[in-house]
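Down below is the structure, laid out as structure tokens.
2 protein chains.
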Amino acid sequence: MAGFARFQAVLRLFDETASAWTVPAMSDALGVPASTVYRTVRDLVAGGFLEAAHESVYRLGSAFIEYDRLLRLTDPLVAAGRGALHDLVAQAHTPCVALLSRLYNDQVMCVVDEAARDTAFRPSYERGRPMPLTQGATSKVILAHLPARQLNRLIGGPKDGDARHAALRRELADIRKRGFCATASEIDAGLAGIAAPVIVREAGIIASLSLVADDSRLEESQRRRLVLLVVSAASLVAEELRYALTPPTIVEPRHKMVKQ
Amino acid sequence: MAGFARFQAVLRLFDETASAWTVPAMSDALGVPASTVYRTVRDLVAGGFLEAAHESVYRLGSAFIEYDRLLRLTDPLVAAGRGALHDLVAQAHTPCVALLSRLYNDQVMCVVDEAARDTAFRPSYERGRPMPLTQGATSKVILAHLPARQLNRLIGGPKDGDARHAALRRELADIRKRGFCATASEIDAGLAGIAAPVIVREAGIIASLSLVADDSRLEESQRRRLVLLVVSAASLVAEELRYALTPPTIVEPRHKMVKQ
DNA sequence: AAATTAATTCTCAAAAAATGAGAATATTGA
DNA sequence: TCAATATTCTCATTTTTTGAGAATTAATTT
Numbered sequence: 001m002a003g004f005a006r007f008q009a010v011l012r013l014f015d016e017t018a019s020a021w022t023v024p025a026m027s028d029a030l031g032v033p034a035s036t037v038y039r040t041v042r043d044l045v046a047g048g049f050l051e052a053a054h055e056s057v058y059r060l061g062s063a064f065i066e067y068d069r070l071l072r073l074t075d076p077l078v079a080a081g082r083g084a085l086h087d088l089v090a091q092a093h094t095p096c097v098a099l100l101s102r103l104y105n106d107q108v109m110c111v112v113d114e115a116a117r118d119t120a121f122r123p124s125y126e127r128g129r130p131m132p133l134t135q136g137a138t139s140k141v142i143l144a145h146l147p148a149r150q151l152n153r154l155i156g157g158p159k160d161g162d163a164r165h166a167a168l169r170r171e172l173a174d175i176r177k178r179g180f181c182a183t184a185s186e187i188d189a190g191l192a193g194i195a196a197p198v199i200v201r202e203a204g205i206i207a208s209l210s211l212v213a214d215d216s217r218l219e220e221s222q223r224r225r226l227v228l229l230v231v232s233a234a235s236l237v238a239e240e241l242r243y244a245l246t247p248p249t250i251v252e253p254r255h256k257m258v259k260q
Numbered sequence: 261m262a263g264f265a266r267f268q269a270v271l272r273l274f275d276e277t278a279s280a281w282t283v284p285a286m287s288d289a290l291g292v293p294a295s296t297v298y299r300t301v302r303d304l305v306a307g308g309f310l311e312a313a314h315e316s317v318y319r320l321g322s323a324f325i326e327y328d329r330l331l332r333l334t335d336p337l338v339a340a341g342r343g344a345l346h347d348l349v350a351q352a353h354t355p356c357v358a359l360l361s362r363l364y365n366d367q368v369m370c371v372v373d374e375a376a377r378d379t380a381f382r383p384s385y386e387r388g389r390p391m392p393l394t395q396g397a398t399s400k401v402i403l404a405h406l407p408a409r410q411l412n413r414l415i416g417g418p419k420d421g422d423a424r425h426a427a428l429r430r431e432l433a434d435i436r437k438r439g440f441c442a443t444a445s446e447i448d449a450g451l452a453g454i455a456a457p458v459i460v461r462e463a464g465i466i467a468s469l470s471l472v473a474d475d476s477r478l479e480e481s482q483r484r485r486l487v488l489l490v491v492s493a494a495s496l497v498a499e500e501l502r503y504a505l506t507p508p509t510i511v512e513p514r515h516k517m518v519k520q
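Keeping their order, the protein sequence lines are chains A and B.
Per the working numbering, the very first residue in the first sequence carries number 1; after that it's consecutive.
Per the working numbering, the very first residue in the second sequence carries number 261; after that it's consecutive.
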């Protein structure tokens, strides 16, 4: 293990259930000598990616908060999504959570979320949490609009198809045709998801905007209304992105030299 | 430049005003050959720390969103602060923004923020934004409770004191004695800040909890009430942290081997 | 205060990886 | 299709990283 992988491997140790690590424990878990891990950790601490808590225990560092803010402020999808989701949950006039999600490696990740006032539940999809590719309206809408090659890589080519695989393919084709996807209890029991695609081919953006609401309270007319809201919010976001991205974001070299 | 510095240098290029970079531009800015930067960027993209937008332009990657979520969920200070700030802005009964901030390298960074309903302004202090050490109630409260050695390193030893330096020292001593700090228009014109320390020595935690409100609307009685609120919220957070951290977070080695 | 234990840094030679310049290749837009 | 860029590749050289254990430091106990 070398180069960046070394740092990645350490950072990947941290998750919801293991949020604090000692160096010996990392050394153990990674099968790498302690002296090596100490050096790696020292670098990560210097960069703010890890922080020494008390008693030789390390946690994720504040640099992630800093970079997350930058991303929130500067990422076109996130920026466009924030306003749209805010409006969407207000117009929904019912407890719900709105999400904007995109592909992230082999999973789908929500990059903006917003809950309506007085929404008691929280869906499993939430900002920053990687979710499975093939379940839930949010993910399926993204899958449905992926270029064929990429889709094949992610869920396997059309030939190696068992029955479930063929069914998924059919469902995706259907979603593409309809322009939205609605599911219930696929991710969270009792919650329904309604998702529509946010596609800006020129910019390589394939995302999905979705609304999660309590399924039992969702009458058919209400459901149709929300589908319309979601679909139009999604095309609004797409439009905003097209507009924001046409004068392609200028990259100005700053001729800043790096020290050392 | 080698090791981790290489990756850091690339990531540090990204900020609010330069959020999208081409490799040639990075190569230029860093004074490093393009072929080298391509390799570095490839690693960062593989790790999710950078993402290729359209047309050979790179942006910060979603890994930051993922790690930020983990941090939000697992960092004791952040976790304790979220609830406290939520309650605080509700009890304030006036438009305001509450912040929980800590030292971050040579600056102060807010790690949780929460605005009361119908708060029109947004203070410069916001989650993830590094702020100067010596201005604003938020920062001063932190400075005031730093161990002498650390303080000397950050603002210079007691001997090399000009008038301003001596005044700051006096102010810090005063803050330590009073147990809070209130300022007005030090960071944002027209906004007042009230901050109290969140100290948990056993855990090495030195943070500050603050409330920002419109200065012109702030009568003396109201101000006193808010000071009380802030001070008690701060000690509540400290107490919660002591409780959460006494059974020191167990680090369970997972004996997970790294691939490759 | 000394002793014990654990954490962390240091040392150094061997092994591995990064570097840079340019060639080779892919991708993109006209 | 052609040009213009972007990106990857190649390879000899230089520079790190690595790992094992010793040395040091820090924390805790006796």
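All C-beta atoms in this analysis are idealised placements derived from N, C-alpha and C, irrespective of residue type, glycine included.
Since the structure is predicted, the reported quantities are computational estimates derived from the model, not experimental observations.
Contact with chain B by residue i, beta-carbon distance below 8 Å
i	result
A/M109	yes
A/H54	yes
A/F64	yes
A/S19	yes
A/R69	yes
A/F271	Since the first residue shown for chain A is 1 and the last is 260, residue 271 of chain A is missing from the structure and cannot be characterised.
A/Y243	no
A/R127	yes
A/Q8	yes
A/T74	yes
A/D43	yes
A/G81	no
A/V258	Its pLDDT being 30, under 50, A/V258 is placed unreliably by the model, and the measurement read from it follows with that caveat. Yes, A/V258 counts as interfacial toward chain B.
Residue j beta carbon less than 8 Å from that of residue i
i	j	result
B/G341	B/V497	yes
B/L501	B/L337	yes
B/P383	B/V357	yes
B/I447	B/H405	no
B/L486	B/I454	yes
B/I325	A/L71	yes
A/G31	A/V45	no
B/L360	B/V372	yes
A/D68	B/D328	yes
A/F4	B/G308	no
A/L50	A/R59	yes
B/A427	B/A456	no
A/G179	A/V108	no
B/D434	B/P355	no
A/H54	B/E462	yes
CB contact check: residue i to chain A, cutoff 8 Å
i	result
B/I466	no
B/F274	yes
B/R484	no
B/N412	no
B/G396	no
B/R319	yes
B/E462	yes
B/P390	yes
B/Y298	no
B/G450	no
B/G308	yes
Which listed residue (the options) has its alpha carbon closest to that of residue i
i	options	result
B/S476	B/S445, B/V317, B/E276 and B/K400	B/S445
A/M26	A/S19, A/L13 and A/T17	A/L13
A/A20	A/V57, A/L30, A/F180 and A/T134	A/V57
B/E480	B/C370, B/A442, B/A313 and B/G464	B/A442
A/Q8	A/P24, A/R127 and A/V37	A/V37
B/M261	B/P293, B/R409 and B/A312	B/P293
A/A79	B/E276, B/V270 and B/Q395	B/E276
B/T398	B/P407, B/I466 and B/L414	B/I466
B/K400	B/A289, B/A323, B/G416 and B/E431	B/E431
B/L489	B/G464, B/H346 and B/T394	B/H346
Any non-hydrogen atom of the ligand GDP within 7 Å of residue i CB
i	result
B/P284	As far as ligands go, the structure on display features none, and thus does not contain the ligand GDP.
- Message: Three or more C-beta pairs under 8 Å: does that hold for the stretch 371-379 of chain B against the stretch 342-361 of chain B?
- Response: yes
- Message: Which runs of the alpha helix (DSSP H) at least 4 residues long sit entirely within the stretch 186-254 of chain A? Give them in chain order.
- Response: 220-245
- Query: Can you give, in chain order, each stretch of the alpha helix (DSSP H) that sits fully within the stretch 100-164 of chain A and has at least 4 residues?
  - Reply: 137-144 and 148-155
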